[in-house]
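**Q** I'd like to ask you about the structure that follows.
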């Protein structure tokens, strides 16, 4: 298969480009690579097949991928919405000066698998809002400042390891696949026992791996996932609280209310009343 190489100079004088696409018919972008530019690819709705360096990823809602300069990729699908944020090598040089070579190397080191993140549900609204703001920001120093803040936010929040953490790329593939599976919105959030069964590993190995790579136990990870999903449903739907409780895999409504209050400092109904008006 022939491959096109896109050079940043082909795009004119602007140092970054932000595009969003809402595709309801079959769509395909051919295999290509880049020279002197990089991309962030974020799926807002639906899913598509994203082939990167010969491996195929199911790029679904809430998934963010960093396409490095030498990566070869194509995408195809239908009925999905995604955003592409392309930026010149000059922005990476600026980020390197601020973050340092060691941190940047965790992003660009040679690896067939590109940096790939599942954006937490509670962070998606903010991320998508920033992308919309960039699309309408125009040109000039203020727009550049806005893009610089966006780039630092994305790398720091979703790709760069915190102090003492293992880089995302070092997470075992089985654990990466497991995390992606339990974060799929259409999938029921499993119990710890079901999580272990899905992993095809023993309980002790799963527990050690979660603590090492995710910084928390499996039960703590699943608790956060349930509460994040519940908070999103409270703000984005009119579902009764009891229904949200069961949609988020809580069998006991009282236990759900107690955990929610302990985490957010208010009941689910108070959370909806206080924050729901900020949705739009």
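Residue numbers (UniProt numbering): 1 to 280. All C-beta atoms in this analysis are idealised placements derived from N, C-alpha and C, irrespective of residue type, glycine included.
Is it true that the CB of residue 54 sits closer than 9 Å to the CB of residue 77?
**A** Position 77 of the chain shown, counted from the first residue, corresponds to residue 77. Position 54 of the chain shown, counted from the first residue, corresponds to residue 54. No, these two residues do not count as a Cβ contact at 9 Å.
**Q** What are the boundary residues of the beta strand (DSSP E) that residue 38 is part of?
**A** The residue you call residue 38 lines up with position 38 of the chain shown. Note, residue 38: beta strand (DSSP E), 37 to 45.
**Q** So the candidates are 101, 93 and 68; which of them puts its Cα closest to the Cα of residue 85?
**A** Your numbering for residue 85 matches position 85 in the chain shown. Answer by Cα proximity: 68.
**Q** Would you mind sorting residue 163 into buried or exposed? The rule is 16 or more other CB atoms within 10 Å of its CB.
**A** Here residue 163 refers to the residue found at position 163 of the chain shown. Confidence in residue 163 is poor, its pLDDT being 44 and thus under 50, which makes the residue's placement unreliable; the coordinate value appears in the next sentence. Classification of residue 163: exposed, given that the 10 Å Cβ count is below 16.
**Q** Between residue 36 and residue 154, what straight-line distance do the alpha-carbon atoms span, to the nearest angstrom?
**A** For the purposes of this step, residue 36 is identified with residue 36 of the chain shown, where counting begins at 1. For the purposes of this step, residue 154 is identified with residue 154 of the chain shown, where counting begins at 1. Approximately 20 Å, taken between the alpha carbons.
**Q** Between the alpha carbons of residue 51 and residue 70, how many angstroms are there, rounded?
**A** The count along the chain shown starts at 1 and reaches residue 51 at position 51. The count along the chain shown starts at 1 and reaches residue 70 at position 70. If you take the alpha carbons of residue 51 and residue 70, they lie about 14 Å apart.
**Q** Report the three-state DSSP secondary structure of residue 128 (helix, strand or coil).
**A** Position 128 of the chain shown, counting from 1, holds the residue named residue 128. Correct three-state label for residue 128: helix.
**Q** Pull up the CB-CB distance for residue 281 and residue 235, whole angstroms please, since I reckon it's below 8 Å.
**A** The shown model of the chain, from 1 to 280, leaves out residue 281, and the question about it has no answer.
**Q** Name the DSSP beta bridge partners of residue 223, please?
**A** Your numbering for residue 223 matches position 223 in the chain shown. Answer is none; residue 223 lacks a bridge partner.
**Q** If you count every other CB in all the chains shown that lies within 10 Å of the CB of residue 273, and 16 or more means buried, which is it?
**A** In the chain shown, the residue the question calls residue 273 occupies position 273. So residue 273 counts as exposed.
**Q** Which one of 99, 249, 228 and 171 has the shortest CA to CA distance from residue 192?
**A** If you number the chain shown from 1, residue 192 lands on position 192. Comparing Cα-Cα distances from residue 192 to each of 99, 249, 228 and 171, the minimum goes to 249.
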